[in-house]
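For reference, the structure is listed below as structure tokens.
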Amino acid sequence: MLSTCITVAGSDCSGGAGIQADLKVFTAHSVYGMSAITAITSQNTIGVNGVHLIPAPFVEKQIDACMLDVKCNVMKTGMLFIPAILKVTLDMIDRYKLKTVVVDPLIATRKGVLLVLPGYLELFIKELIPRATILTPNIAEASILLKHMTQETIEIHHVDDVKTLGAKLIASGCKNIIIRCDGISFDNEFFVCKDSLTPSSWYVYVLCTSEVQLVIPQKWLSTKIAKGTSCALSSAIAANLANEMDVQTAVKRSVAYTQHALEYSFHLGRGANSLEYSSGYGCLPFEEGEFVGYFRNHPHLSQTWNFLFEHHFLQKFKNTTLAIDEFKKYLALKYHMLMNNAQAAGLTAFSSSNIAVIERSANIIQIIKEENVIHLQICKQYGLAPEQFVDRKPAFVNAHSSFINDVGQREGVLGIQVAMLPFSIILQDIFSKMDILDSGAFKPFVLHCKDSVTIEHINGLLRNLESEASTLVPEKIQQLLNILEQSISFEMAAFDITLDNETTIF
Ligand SMILES: Nc1ncnc2c1ncn2[C@@H]1O[C@H](COP(=O)(O)OP(=O)(O)OP(=O)(O)O)[C@@H](O)[C@H]1O
Ligand SMILES: Cc1ncc(CO)c(N)n1
Numbered sequence: 004m005l006s007t008c009i010t011v012a013g014s015d016c017s018g019g020a021g022i023q024a025d026l027k028v029f030t031a032h033s034v035y036g037m038s039a040i041t042a043i044t045s046q047n048t049i050g051v052n053g054v055h056l057i058p059a060p061f062v063e064k065q066i067d068a069c070m071l072d073v074k075c076n077v078m079k080t081g082m083l084f085i086p087a088i089l090k091v092t093l094d095m096i097d098r099y100k101l102k103t104v105v106v107d108p109l110i111a112t113r114k115g116v117l118l119v120l121p122g123y124l125e126l127f128i129k130e131l132i133p134r135a136t137i138l139t140p141n142i143a144e145a146s147i148l149l150k151h152m153t154q155e156t157i158e159i160h161h162v163d164d165v166k167t168l169g170a171k172l173i174a175s176g177c178k179n180i181i182i183r184c185d186g187i188s189f190d191n192e193f194f195v196c197k198d199s200l201t202p203s204s205w206y207v208y209v210l211c212t213s214e215v216q217l218v219i220p221q222k223w224l225s226t227k228i229a230k231g232t233s234c235a236l237s238s239a240i241a242a243n244l245a246n247e248m249d250v251q252t253a254v255k256r257s258v259a260y261t262q263h264a265l266e267y268s269f270h271l272g273r274g275a276n277s278l279e280y281s282s283g284y285g286c287l288p289f290e291e292g293e294f295v296g297y298f299r300n301h302p303h304l305s306q307t308w309n310f311l312f313e314h315h316f317l318q319k320f321k322n323t324t325l326a327i328d329e330f331k332k333y334l335a336l337k338y339h340m341l342m343n344n345a346q347a348a349g350l351t352a353f354s355s356s357n358i359a360v361i362e363r364s365a366n367i368i369q370i371i372k373e374e375n376v377i378h379l380q381i382c383k384q385y386g387l388a389p390e391q392f393v394d395r396k397p398a399f400v401n402a403h404s405s406f407i408n409d410v411g412q413r414e415g416v417l418g419i420q421v422a423m424l425p426f427s428i429i430l431q432d433i434f435s436k437m438d439i440l441d442s443g444a445f446k447p448f449v450l451h452c453k454d455s456v457t458i459e460h461i462n463g464l465l466r467n468l469e470s471e472a473s474t475l476v477p478e479k480i481q482q483l484l485n486i487l488e489q490s491i492s493f494e495m496a497a498f499d500i501t502l503d504n505e506t507t508i509f
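FYI, in the working numbering the residues of the sequence shown are 4 to 509.
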């Protein structure tokens, strides 16, 4: 299921900021975006020339319409303009028990000019800040908030001063805060560049939580003045949180997204640059080498993984109450499933004109060949001769063969490797973790799973998968998740058949 987010903000008819920007950012992060419009503005890349407020009860109506229909746990707030709309937003956060709220304060310009009336500010501090998961102010807004919350003023000469500012806001009740140091460039020692003679090196974001004050420096892009950067950052954070990232990861990724959007911004209108919002398509939602971890922990698959790991077959295997005849059935099915994978890899190689793909397919076939030789030896140890099952394919095996061949043709060798992932994980996390002393009649099989050759085979497959995944385009992730889900179902179906006395396979 897609993650969802709602943005409560103003409309920017020219598509550069506000609601329109937020929805583009959500889409770029594969998050389904909904919105409640607080005001219609007339603006373009040059400036704002009109604001038409939406009555607060109608803002409420929009949020109700979305929330009563579509499950959504994450709200992002932008321009709320007046206390009445802020109040409604607070009510909605409480009504729908929203735990994740990303607040772009939009209370002052970067020069510190207040955009809201003092009464709004008080309500914002007293009521919205305690409900906010994270605030994304520019430095002027952070300073105004601190002044109102503690009467303190901090002059910014060095990035350490920004850290102090953030830490004080955390101490005053903000849960997390990322400060955008807009309009300030920092030198290599992170001192503020005072004049045009000091070489500007860094644009700096500072993330403060109750645990860290993290400086996130970005290359100074002196020629890029664009509209919508604050909307981009806060919406990206909301989207990443909706995709269940932790705050620190969500922020780091959102900073990278925003910087990329600014770096590739372009001249569309006559004023500020327009951000390259679709750049999210270039961002993978996991770090290099963490593809398997991402798929293993993906929130949309957590229930499916749990069903697999808690399957009765695995419970019986672990407490050695699985009957030997049942286990023999499983060995026969697994033999066929491995063979299906090898055949699909061969077919993928055959349909490819890329030698690297052919080589990776060959690697898979080689590993399966070596595994299957040992697999047949294990079968023999359980009194199961190859003649009894090798040429007999139950309907399930044919269904699996169609599935895996289809995966290979649609998603290539990466798809096949993803489909092989559940078995590799079962082998790695369950079979090979069994204590030899407690493994009873399954000792030969468990010994094989613990063998260094088998472990190296699995590691080889996982390494292959990680390097293949580095070439992945984000649009493919959903397809691969679907393949993984189906493949987990096939593993469970093999367990079911094994335990089903009605189905004989040899
Ligand atoms: N890496 C960077 N290098 C130089 N300047 C940067 C960098 N990142 C952001 N900026 C500057 O900060 C500006 C955004 O400032 P700020 O967030 O105050 O704008 P805003 O008006 O509040 O928000 P919005 O951009 O959403 O309208 C960008 O237009 C750009 O000029
Ligand atoms: C509606 C709206 N929200 C936010 C901003 C800040 O960029 C803007 N220009 N317009």
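Ideal Cβ placement from N, Cα and C applies to all residues, glycine included.
As the structure is a computational prediction, the values presented were derived from the model and not from experiment.
Remark: fewer than three beta-carbon pairs, one from each stretch, lie closer than 8 Å, so the stretch 49-56 and the stretch 29-40 are not flagged as touching.
Short of 6 Å from the beta carbon of Val258, and not among the five residues preceding or following it, lie these beta carbons of its own chain, in chain order: Tyr208, Ile219.
Where Lys79 is concerned, there is no enclosing alpha helix (DSSP H), although the beta strand (DSSP E) around it starts and stops at 77-80. For Arg299, the shortest separation between its Cβ and any heavy atom of ligand 1 does not lie below 7 Å.
Contact between the stretch 488-498 and the stretch 424-436 is present, with at least three C-beta pairs closer than 8 Å. Per DSSP, Leu148 is one residue of the alpha helix (DSSP H) stretching across 142-153. With a cutoff of 8 Å on beta-carbon distance, Ala348 and Ile377 are scored as not near each other.
Distance from the Cα of Asn243 is smallest, within the candidate group Leu287, Val215, Ala275, for Leu287.
Within the same chain, and ignoring the five residues on either side of Pro302 in sequence, the residues whose Cβ sits closer than 7 Å to its Cβ are Glu247. The beta-bridge partner set that DSSP reports for Arg273 is empty.
Between the stretch 147-155 and the stretch 181-191 there are fewer than three C-beta pairs closer than 8 Å, too few to call the two in contact. In the DSSP secondary-structure assignment, Tyr206 is bridged to Gln221. The Cβ neighbour count for Val104, taken over all protein chains shown within 10 Å, is at least 16; the residue is labelled buried. In the displayed model, Ile433 falls within coil according to three-state DSSP, outside both helix and strand. In this structure, Arg273 has its CB at a distance of at least 7 Å from all heavy atoms of ligand 1.
Within a 10 Å sphere around the beta-carbon of Ala388 sit fewer than 16 other beta-carbons, which makes this residue exposed.
Apart from sequence neighbours up to five positions away, the residues of its chain that approach Arg363 with a beta-carbon distance below 7 Å are Val416, Asn467, Glu471, ordered along the chain. Taking a C-beta distance under 8 Å as the contact criterion, Ala87 and Ala59 qualify as a contact pair. Under the three-state reduction of DSSP output, Val119 falls in the coil class, being neither helix nor strand. Put simply, the backbone Cα of Asn485 is about 35 Å away from that of Ser277.
For Ile358, the number of other beta carbons within 10 angstroms of its own is below 16, and it is reported as exposed. Between Lys319 and Leu311, the CB-CB gap reaches or exceeds 8 Å. Between Ser233 and Asp97 a beta carbon distance of about 26 Å is seen, past the 8 Å cut, so the two are scored as non-contacting.
Judged by DSSP in its simplified three-state form, Leu440 adopts helix. Not one heavy atom of ligand 2 falls within 7 Å of the beta-carbon of Cys196. By the C-beta criterion, the stretch 169-181 is judged to be in contact with the stretch 131-147, since at least 3 inter-stretch pairs fall below 8 Å. Its Cα nearest to that of Leu101, the residue Ala241 stands out among Ala241, Leu440, Phe84. Counting C-beta pairs closer than 8 Å gives three or more between the stretch 73-88 and the stretch 6-16, which meets the contact rule. The alpha carbon of Ala111 has as its nearest neighbour, out of Gln251, Ile361, Phe399, Pro140, the alpha carbon of Pro140. In this structure, the beta-carbon distance from Cys16 to Ser45 falls below 8 Å.
By the neighbour-count criterion, in which 16 or more other beta carbons inside 10 Å mark a residue as buried, Lys129 falls on the exposed side. If you draw a straight line from the Cα of Arg113 to the Cα of Phe269, it is about 22 Å long.
Per the coordinates, the alpha-carbon of Glu293 lies some 11 Å from the alpha-carbon of Asn300. Across the structure, Ile157 and Ser146 are spaced so that their CA atoms are roughly 7 Å apart. Residue nearest to Ser281 within the set Tyr267, Arg273, Leu271, Glu290 is Tyr267 (criterion: CA-CA distance).
In this structure, the straight-line span from the alpha carbon of Leu475 to that of Gln481 is close to 12 Å.
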